[in-house]
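Structure first, commentary second.
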Amino acid sequence: MPAGDRSRPGAIACACGGVSGFMNVFKTIRQQLLSVLGDMVSAGELPAGVDTSRVTVEPPREASHGDVSTNAAMVLAGQVKANPRQLAPKVAERLKALPGVIGVEIAGPGFINLRFSATFWQAQLPVILRAGLAYGDSNSGAGQPVNVEYVSANPTGPLHAAHARGAVVGDALANLLTKAGFSVTREYYINDAGAQVDVLGRSAYLRYREALGEQIGDIPAGLYPGDYLKDVGEKLAARDGRRWLETPESTWLPATRDIAIDLIMAGIREDLLALGVNIDVFTSERALVAAGAVQAAFDTLVTRGLIYEGVLEPPKGKTPDDWEPRPQTLFRATNFGDDVDRPLRKSDGSWTYFANDIAYHLDKYQRGARVLIDVWGADHGGYIKRMQAATNAITEGGAALDVKICQLVHLMDQGKPVKMSKRAGTFVTLRDVIEQVGRDVVRFIMLTRRNDQTLEFDFAKVTEQSKDNPVFYVQYCHARCRSVLRHAGEPAAEALAAGAPLDRLSSPEELELIRLLAAWPRLVEAAAEAHEAHRVAFFLYDLAAGFHGLWNKGKDDTTLRFLVEDDAGLTQARLALVKAVAVVIASGLKVIGVEPAEELRS
RNA sequence: GCGCCCGUAGCUCAACUGGAUAGAGCAUCUGACUACGAAUCAGAAGGCUAGGAGUUCGAAUCUCUUCGGGCGCGCCA
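The opening residue of the first sequence carries number 6 in this note's numbering; numbering runs sequentially from there.
Below is the structure:
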């Protein structure tokens with residue numbers, strides 16, 4: 006397994022383009038609140054210039070605390086040297102006048118809890134139904150250019166199972182940012198410049214001789230043994246015949262290396278497409294070096310006085326046997342928060358991987374990105390600080406780098422670990438996984454944990470049809486919605502939005518479900534800001550739970566069923582709700598890159 | 001030895017970036033199928049958020065420290 010492979014352990018474009026975002030109800034209420042606070046300043050109840058930036062408006066954790074909660078009194082009380090419980094009533098009194106508000110309470114240390122009328126919540130349904138999959142689209146990203154770099158697997162072999170996580174995390178994050186109104190570039194960095202691709206070239210050469218009839222025996226240690234290189238050898242033989250057989254390595258290595266990289270990258274692209282990943286830009290490290298980008302970045306750092314020749318201290322505690330002090334060309338990473346300064350040149354004069362990466366991040370910046378996101382494997386954690394330091398230095402603070410580290414994926418089958426060994430030929434390719442469980446399952450499961458937590462992927466469990474399996478649970482919810490809508494003759498969304506008597510949706514469970522639906526735009530914005538796509542998967546699970554709950558209430562109490570035989574109006578209203586649930590589930594699955602299921606059959 | 005990530009119910013994990021009584025799901029107990037799909041649902045029980053100290057109106061979240069696990073540690077990528 007080559008080191009350096011950034012994603013090691015490890016969509017569908019948004020239709021709206023973020024032209025007009027759908028207002029997040031909490032954001033709307035926050036603006037109304039800020040306006041109220043402004044009125045209080047005018048009335049002399051608050052001093053001019055109070056800082057409202059930390060005022061939040063959010064759904065309370067406890068449903069009993071109302072629909073919407075704000076910390077305004079607590080945040081402002083400190084600034085005006087007042088008690089939050091004394092300030093709160095003044096704010097609360099004015100909030101009573103807001104549209105839709107039917108209750109205002111002060112609770113705990115000074116929270117102000119608002120309750121909104123059923124009509125207010127019911128009115129969210131037409132918004133959802135008319136928006137369709139675009140519901141939740143936001144312009145909070147304001148078209149800001151973001152570059153998401155992910156996968157970036159070394160071009161020395163096909164993608165394997167461990168690459169799936171980084172691929173999905175990066176891709177879903179790109180989808181999420183797109184939905185939130187950012188201008189996203191999906192990027193793959195091809196590490197085709199180091200010693201390992203020379204090894205690849207030599208390995209391919211051996212397979213080339215094999216293809217020409219030679220007995221090559223066992224693959225020598227230090228070369229890649231994989232069978233996938235046989236194909237490369239055969240193509241090379243077919244193209245170039247016997248011309249390389251009697252020539253020295255220096256003549257054939259560039260040819261064997263390049264064809265091997267090209268063929269392997271072609272395979273990687275196919276595998277990514279099979280996973281639903283569409284990369285916009287593939288950047289070659291080798292091309293970057295050849296174009297002088299590294300030299301240019303280096304010169305810039307020299308100009309800024311950030312390069313010097315020096316000798317590093319030996320690493321404490323674990324000094325390598327062959328360690329000896331030597332002068333190196335160093336970048337002043339410590340000026341930007343790193344622990345030590347980092348070498349940019351090897352002793353043979355060539356650039357280090359890090360030097361190339363500085364040029365690469367500058368390149369992304371020069372192409373317009375102001376937010377850079379890199380998705381890496383867990384073994385690259387120690388590389389984060391220096392890369393952030395370098396990005397900060399080379400862009401003069403113009404771009405921020407966020408690195409998402411993906412923890413290991415433990416492949417299991419029925420609770421037992423799947424043993425993988427490249428040498429024994431038992432490593433599981435990404436292609437194998439997709440063929441065995443399907444693209445949708447791979448994508449969803451990879452988002453059922455935070456990226457920095459280890460994740461268990463059990464082949465048996467992820468295809469199980471039970472509530473143990475979150476993919477199934479969410480898909481089942483969508484399938485149930487679709488089942489109801491089919492029974493009802495597929496009413497059009499617009500007809501439901503315009504014609505259904507939504508005031509008939511009055512049960513606490515129904516209103517609770519609408520509140521959940523209305524939280525989707527807020528979740529999109531928050532998750533995009535935090536660069537955390539897994540929140541979408543958790544949201545969908547919660548939404549599915551809410552729907553399954555309502556469904557089963559209808560088993561105990563037939564008056565709660567969606568289709569009510571002798572009450573066409575009530576049926577229409579409930580169909581609007583069901584349709585809205587299906588829409589939001591589908592909208593969320595689209596971010597994850599999963600096709601919503603029409604029905605589930607075993 | 002140093003740095004980074006992590007430690008939350010018996011198990012697997014959340015917690016909207018500093019908010020209220022820390023929430024779900026498995027597993028355990030109790031209950032619900034003459035249906036728009038019970039592949040599901042409702043309820044009970046389960047906690048000193050690894051331990052300690054600090055910051056403030058308020059801490060799982062921020063700071064310090066101890067313990068325990070993972071990753072990394074000068075010319076590999």
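Built from N, CA and C at the ideal position, the CB exists for glycine as well. No experiment lies behind these values; they were computed from the predicted model shown.
Taking C-beta atoms as the reference points, Ile-133 and Leu-522 count as a pair closer than 7 Å. The C-alpha of Glu-290 lies about 16 Å from the C-alpha of Arg-372.
Burial check for Ala-242: the Cβ neighbour count within 10 Å reaches 16 or more, so the residue is buried.
Contact between Ile-399 and Thr-305 holds: CB atoms are separated by about 7 Å, below the 8 Å threshold.
DSSP places Pro-104 outside any alpha helix (DSSP H), giving it a letter other than H or E. For Lys-409, there is no enclosing alpha helix (DSSP H); the enclosing beta strand (DSSP E) has its first and last residue at 405-411. An exposed status is given to Thr-124, since fewer than 16 other beta-carbon atoms sit within 10 Å of its beta-carbon. In the structure shown, Gly-148 adopts coil according to DSSP, grouped into three states. By the neighbour-count definition (other C-beta atoms within 10 Å, threshold 16), Lys-86 is an exposed residue. In this structure Val-438 does not touch Ala-147 by the C-beta definition: roughly 37 Å separates them, more than the 8 Å allowed. Of all alpha-carbon atoms in Ala-374, Lys-101, Tyr-481, the one lying nearest the alpha-carbon of Phe-121 is that of Lys-101. By the Cβ test, the segment 169-176 is in contact with the segment 396-414, since at least three Cβ pairs between them sit closer than 8 Å. Sorting Val-73, Met-270, Pro-52 by C-alpha distance to the C-alpha of Asp-197 places Met-270 at the top. For Leu-518, the uninterrupted alpha helix (DSSP H) segment begins and ends at 513-523. Under the three-state reduction of DSSP output, Thr-576 falls in the helix class. Ranking Arg-579, Asn-144, Ser-69 by CA distance to the CA of Asn-118 puts Ser-69 first. In the three-state reduction of the DSSP assignment, Arg-350 falls in the strand class. Here the C-alpha atom of Met-451 lies approximately 20 Å from the C-alpha atom of Ala-550. Between the C-alpha atoms of Lys-560 and Gln-577 there is a straight-line separation of about 19 Å. Ser-471 sits in coil when the DSSP states are folded into three classes, being neither helix nor strand. In the three-state scheme derived from DSSP, where H, G and I count as helix and E and B as strand, Ile-117 is classed as strand. Contact check between the segment 443-457 and the segment 492-508: fewer than three CB pairs, one atom from each, fall below 8 Å, which does not count as touching. By the Cβ-count criterion, Lys-369 is buried, with 16 or more other Cβ atoms from all chains shown falling within 10 Å of its own Cβ. DSSP places Glu-534 within a helical segment (H, G or I) once states are collapsed to three.
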